[in-house]
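Q: This is the structure, below, for whatever I ask next.
Protein chains: 2
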Amino acid sequence: MAKSFERLKGELARSYPALSPQLQRIASYALEHPQDMALDTVATLARGAGVQPSAMVRFAQALGYEGFSDLQRVFRGRLVERSNHAPGLHNYRERVAAFQADQARSGPQGVLAQFVADGMAALERLPGQVSAADLAAAVRILAGARTIYTLGHRRSFTVAYYLAYGLTQLDLNAQLLDSMAGMLRDKAELIGPKDALVVMSFKNYTQEVIEVAQTCHARKVPVIAMTDNALSPLARHARVCFQIEEKASKFFGQLAAPVCFAQALVVAVGEQIEK
Amino acid sequence: MAKSFERLKGELARSYPALSPQLQRIASYALEHPQDMALDTVATLARGAGVQPSAMVRFAQALGYEGFSDLQRVFRGRLVERSNHAPGLHNYRERVAAFQADQARSGPQGVLAQFVADGMAALERLPGQVSAADLAAAVRILAGARTIYTLGHRRSFTVAYYLAYGLTQLDLNAQLLDSMAGMLRDKAELIGPKDALVVMSFKNYTQEVIEVAQTCHARKVPVIAMTDNALSPLARHARVCFQIEEKASKFFGQLAAPVCFAQALVVAVGEQIEK
DNA sequence: ACCTTTTAAGAATAAATGTTCCATCGGCGG
DNA sequence: CCGCCGATGGAACATTTATTCTTAAAAGGT
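Same order as they appear, the protein sequences are chains H and F.
So the first sequence is residues 10 to 284, counted in this note's numbering.
So the second sequence is residues 10 to 284, counted in this note's numbering.
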């Protein structure tokens, strides 16, 4: 399935000389315009290749496919395959697949293997998900803030805590906003425009956290949000919003990517204030 | 044209609250399955999102597109865009060049790239660092414990918190040991042999944490340790000890691997108690 | 040059897809 | 309680799309 486009290419190269002139023409067109082959209709492609639609169908059938649609599936598969690899620097997918096969599928080991695979996939996508402009803006805000407040509940508290910890290590004035003794809203009211608020929430979103982001944003506090989705209620209440996909294949939200991002953010701020 | 998917995302985020519940549902489905949106038919997508085909068309029109096909073009555009950016699968040199360019990139983006690379390397090593026997033993201890206490300071608090959180989600009785009000030692004395203590510390090791592990271990409390090194002072005071290398090439300790491990541990325990 | 076999074209067809329309449901205000 | 309005479901519709079929053309062999 993954390599079925490669297989098609090989198949094509082998049987090419035996094809009729018109089918050869289609063959080269297909290999030269794989994207069109994936998305366009028979009629469009036929026009592009200078043949009749029926010829496209015959072409597919000559290669052993049931029809054109069947053949097109191969090209579409290639497209999503490449798209999945897009932002990554390395191509870890094969390695992950290979190593998953080695691992026991079930039991604690299998769970660990699954989490590692998901985590690596999430990390691979991470750099493509944060824009340079957003990152720079966030660093600037944090480096210049009087006090940095971090806020996150439940799962996200993990990240919120780390951010506060890491920023404190840089001798920045960072405060972890907790809801201890029900004082969250009162504490949040003390945040001003010269401070900064880093707030994170993944679904299911915590209402309380969102409200704090909302009121602070309305009060012109620079709010930096980390969430999972452009539709997150957090996105609307932030000056800078990072969307970090945490979708896991099987289990609930991965934290590897958010944690890694938080660490990078801390270090980036550290480099900024050194200048 | 190139950024039209990004524009769509922004547009969507802005108008999301004004949409009807069903259209919101479609919106999240669309952003979570952009590939399907690009390739599948309305009927298939509608089934996937749990709505009627007509709703898909209404969705497209609500966003200002003429119809579904018009909207789908945006998703298709994104797909070919990303595919074009993909490192040539056959051209290895391109890939290396791209990778080096990213490495060389300085500033916040470079920091992020470095962390991602380190994190992936750490995750890759992770499964080889935990033995099946240790993992099974830890799962058994946790699944059978009366109360699970987790303890970690400074950086490790991140992981300790998550463990307590995750185990609590399983309806287990998990307590995060904090040193609030200087009560850590007093709280630790309440831990008994039927409980379990998960303690983690990476260097520089926190003396206080190690002492707690030591006294608990001496009192026959099952202690599970996460640390970085076989020589760690924690290793001597634990019944089960996981050594998770957190060495980073350039910056201080990576947390991606420990966090990922903690998540896997939680899920593994969850699977165990289901039986 | 004639017949046979292969090849292409173009219309015809049947399936599928996107779109529209209308009836129904549910909430809200009068 | 009634009527209004937007939202939803579902079927009907028209269009598009892949595929097939028939016919014409070309090529190749004797």
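Glycine residues also receive a C-beta, built at the ideal position from the N, C-alpha and C atoms.
Please read all numbers here as calculations on a predicted model, not as lab measurements.
(1) So, does the CB of Ala107 (chain H) fall closer than 8 Å to a CB anywhere in chain F?
(2) Starting from the Cα of Gln118 (chain F), find the closest Cα among H:Asp143, H:Lys18, H:Gly73 and give me that residue.
(3) Please identify, using Cβ separations under 9 Å, the residues of the segment 28-41 of chain F that lie next to chain H, in order along the chain.
(4) For Arg164 (chain H) versus Phe211 (chain H), is the C-beta spacing smaller than 8 Å?
(5) With Met235 (chain F) as the anchor, note down where its beta strand (DSSP E) starts and where it stops.
(6) Which chain F residues are close to Cys269 (chain H), counting only those with a beta carbon under 7 Å from its beta carbon?
(7) So, does the CB of Glu283 (chain H) fall closer than 8 Å to a CB anywhere in chain F?
(8) Return the CA-CA distance between Ala190 (chain H) and Val221 (chain H), expressed in angstroms with no decimal places.
(9) Are the C-beta atoms of Ala247 (chain H) and some chain F residue less than 8 Å apart?
(10) Report yes or no: do three or more beta-carbon pairs, one from the segment 173-184 of chain H and one from the segment 12-31 of chain F, lie closer than 8 Å?
(11) Just how far apart, CA to CA, sit Ser78 (chain H) and Thr53 (chain F)?
(12) Report the neighbours of Phe84 (chain H) on chain F: residues whose CB is nearer than 9 Å to its CB, in chain order.
(13) Relative to the C-alpha of Arg85 (chain F), which candidate in F:Gln44, F:Tyr74, F:Tyr170 has its C-alpha closest?
(14) Measure the alpha-carbon distance for Ala173 (chain H) versus Leu206 (chain H) and round it to whole angstroms.
(15) Can you confirm whether the segment 185-199 of chain H touches the segment 131-151 of chain H when touching is taken to mean that 3 or more C-beta pairs between the two stretches lie within less than 8 Å?
(16) Any chance you could list the alpha helix (DSSP H) runs of at least 4 consecutive residues sitting entirely within the segment 117-142 of chain F, in chain order?
(17) Let me see if you follow: with CB-CB separation under 8 Å, is Tyr158 (chain F) close to chain H or not?
(18) I want to verify the contact list: residues of chain H whose CB lies under 9 Å from the CB of Phe166 (chain F), in sequence order.
(19) So what does Tyr158 (chain F) bridge to, in DSSP terms?
(20) When the Cα of Ala146 (chain F) is compared with those of F:Asp127, F:Phe68, F:Met46, F:Val249, which residue comes out closest?
(21) Going along the chain, which residues of the segment 55-68 of chain F sit with their C-beta nearer than 7 Å to a C-beta in chain H?
(22) Going along the chain, which residues of its own chain have a beta-carbon closer than 7 Å to the beta-carbon of Tyr25 (chain F), five neighbours each way excluded?
(23) If we define contact as Cβ-Cβ less than 8 Å, is Ala152 (chain F) a contact residue for chain H?
(24) Pull up the CB-CB distance for Asp204 (chain H) and Tyr170 (chain H), whole angstroms please, since I reckon it's below 8 Å.
(25) Looking at C-beta atoms only, is the number of pairs between the segment 149-158 of chain F and the segment 275-283 of chain F that lie closer than 8 Å three or more?
(26) Do Leu193 (chain H) and Ile219 (chain H) come within 8 Å of each other at the CB atom, strictly closer than that value?
(27) Consult DSSP for Asn100 (chain F) and reduce its assignment to one of helix, strand or coil.
(28) Beta-carbon of Glu280 (chain F) versus every beta-carbon of chain H: anything under 8 Å?
(29) Could you have a look at Gln216 (chain F) and say whether DSSP puts it in helix, strand or coil?
(30) For Leu121 (chain F), decide whether its Cβ has a neighbour in chain H, counting only Cβ atoms nearer than 8 Å.
(31) Looking at the structure shown, is Val60 (chain F) part of a helix, part of a strand, or coil, going by DSSP?
(32) Could you give the distance in angstroms between the alpha-carbon of Ala39 (chain H) and the alpha-carbon of Met46 (chain H)?
(33) Under 8 Å, do Gly76 (chain F) and Val83 (chain F) count as touching if we go by C-beta distance?
(34) Nearest CA to the CA of Cys269 (chain H): which residue from H:Ala131, H:Leu21, H:Ala141?
(35) Comparing C-alpha positions only, which one of F:Leu80, F:Arg228, F:Glu41, F:Asp237 sits nearest to Val51 (chain F)?
(36) List, in chain order, every chain F residue whose beta-carbon is nearer than 9 Å to that of Leu179 (chain H).
A: In short, the structure shows the following:
(1) Low per-residue confidence applies at Ala107 (chain H): pLDDT is 49, beneath 50, and the placement is therefore not dependable, though the value from the model is reported in the following sentence. Not flagged as an interface residue toward chain F: Ala107 (chain H), since no C-beta distance is shorter than 8 Å.
(2) Of the candidates H:Asp143, H:Lys18, H:Gly73, H:Asp143 places its Cα closest to the Cα of Gln118 (chain F).
(3) From the segment 28-41 of chain F, only Gln33, Ala36, Ser37, Leu40, Glu41 have a Cβ closer than 9 Å to chain H.
(4) Going by beta carbons, Arg164 (chain H) and Phe211 (chain H) fall inside the 8 Å limit.
(5) Residues 232-236.
(6) Near Cys269 (chain H) (Cβ distances below 7 Å), the residues of chain F are Phe124, Val125, Gly128, Ala265.
(7) Chain F contact via Cβ: absent.
(8) Looking at the two C-alpha atoms, the distance is approximately 16 Å.
(9) Output row for Ala247 (chain H): interface = no.
(10) Segments in contact, no.
(11) Roughly 16 Å between the two C-alpha positions.
(12) Those within 9 Å of Phe84 (chain H) in chain F number zero; the least Cβ separation is about 11 Å.
(13) Ranking F:Gln44, F:Tyr74, F:Tyr170 by Cα distance to Arg85 (chain F) puts F:Gln44 first.
(14) The straight-line gap from Cα to Cα measures roughly 11 Å.
(15) Between the segment 131-151 of chain H and the segment 185-199 of chain H, the count of C-beta pairs closer than 8 Å stays below three; the two stretches do not touch.
(16) Counting only unbroken stretches of 4 or more residues, no alpha helix (DSSP H) element lies wholly within the segment 117-142 of chain F.
(17) Not one chain H Cβ lies under 8 Å of Tyr158 (chain F).
(18) Neighbours of Phe166 (chain F) on chain H, chain order: Tyr170, Tyr171, Tyr174.
(19) Answer is F:Gln184, F:Leu206.
(20) From the listed residues F:Asp127, F:Phe68, F:Met46, F:Val249, the smallest Cα separation to Ala146 (chain F) is found for F:Val249.
(21) For the segment 55-68 of chain F, there are no residues whose beta carbon sits under 7 Å from a beta carbon of chain H.
(22) The answer, listed in chain order, is Gln33, Ala36.
(23) So, not an interface residue.
(24) Between Tyr170 (chain H) and Asp204 (chain H) the Cβ distance is about 18 Å, and since that is not below 8 Å, they are no contact.
(25) Flag = yes, the segment 149-158 of chain F and the segment 275-283 of chain F touch.
(26) Taking 8 Å as the Cβ cut-off, Ile219 (chain H) and Leu193 (chain H) do not qualify as a contacting pair.
(27) Confidence at Asn100 (chain F) is low in this model, with a pLDDT of 42, below 50, so its placement is unreliable and the value that follows should be read with caution. In the structure shown, the three-state DSSP call for Asn100 (chain F) is coil.
(28) Cβ-Cβ to chain H under 8 Å: yes for Glu280 (chain F).
(29) In the structure shown, Gln216 (chain F) adopts helical secondary structure according to DSSP, grouped into three states.
(30) Yes - at least one Cβ of chain H is within 8 Å of the one on Leu121 (chain F).
(31) Reduced to three states, the DSSP call for Val60 (chain F) is coil.
(32) Approximately 6 Å, taken between the alpha carbons.
(33) Between Gly76 (chain F) and Val83 (chain F), the gap from beta carbon to beta carbon reaches 8 Å or more.
(34) Nearest C-alpha to Cys269 (chain H): H:Ala131.
(35) Comparing C-alpha distances from Val51 (chain F) to each of F:Leu80, F:Arg228, F:Glu41, F:Asp237 shows the shortest one belongs to F:Leu80.
(36) Simply none; closest approach about 11 Å.
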